[in-house]
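Just so we're aligned, residue 1 is where the sequence shown starts under the working numbering, counting upward by one.
Even for Gly, the Cβ is constructed at its ideal location relative to N, Cα and C.
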Amino acid sequence: MSALGEVLVGLVILVGLVGIVVPILPGTILIFAAVAVWAWITGGAAAWTVFAIATVLLVLSGVVKYTWPGRRMREAGVPMRSLMVGGLLGIVGFFVIPVVGLFIGFIAGVYVAEVPRHRNHSEAWRSTVHATKAAGLSILVELFGALLASAVWLGGAVLF
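This is the structure:
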């Protein structure tokens, strides 16, 4: 692959990393696709090994992203319904207040869903904080896996 091609792949990976932190774009999918294109064009066992390792890291982080924070929320007693309301209001918030509205809407949505369930502010807020921490943990896990996959690609690009 040419140097320009590798720079373009690196830029797509960078956009993917940003998409994980600011969930506008499907970050993990962009990183996976960029490394796949690089492996296909570069060819050879080394490139496909880099792709395989990056894929395993992305899949593992995806599995952990959904299992670990979810378990913590169940232990804290936060129901899935509250997360769904938070997610829906997060989407609305994203369009009302670009980018930061996603986070504000998520927090407001979880809180609004938890108030009737707990019937008091402090317990509803405690559940909201647990849900927000779990969502943050989920983002960090996905980012960690994506950074490892990106590092594997970078190492492969430099060495091969």
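Under the DSSP assignment, Arg72 falls in the alpha helix (DSSP H) whose first and last residues are 45 to 76. At the C-beta level, His118 and Ala76 stay beyond 8 Å of one another. Within the segment 93 to 152, the runs of alpha helix (DSSP H) at least 4 residues long that lie entirely inside it are, in chain order, 100 to 118. Between the segment 78 to 86 and the segment 46 to 56, the count of Cβ pairs shorter than 8 Å is below three; the stretches do not touch. For Leu8, the enclosing alpha helix (DSSP H) covers residues 3 to 21. Straight-line spacing of the CA atoms in Gly136 and Ala45 works out to 37 Å. Three or more beta-carbon pairs separated by less than 8 Å are not found between the segment 137 to 153 and the segment 86 to 103, which leaves the two stretches without contact. Apart from the 5 residues on each side of it in sequence, Val115 sits with its Cβ closer than 6 Å to the Cβ of Ala124 in its chain, given in chain order.
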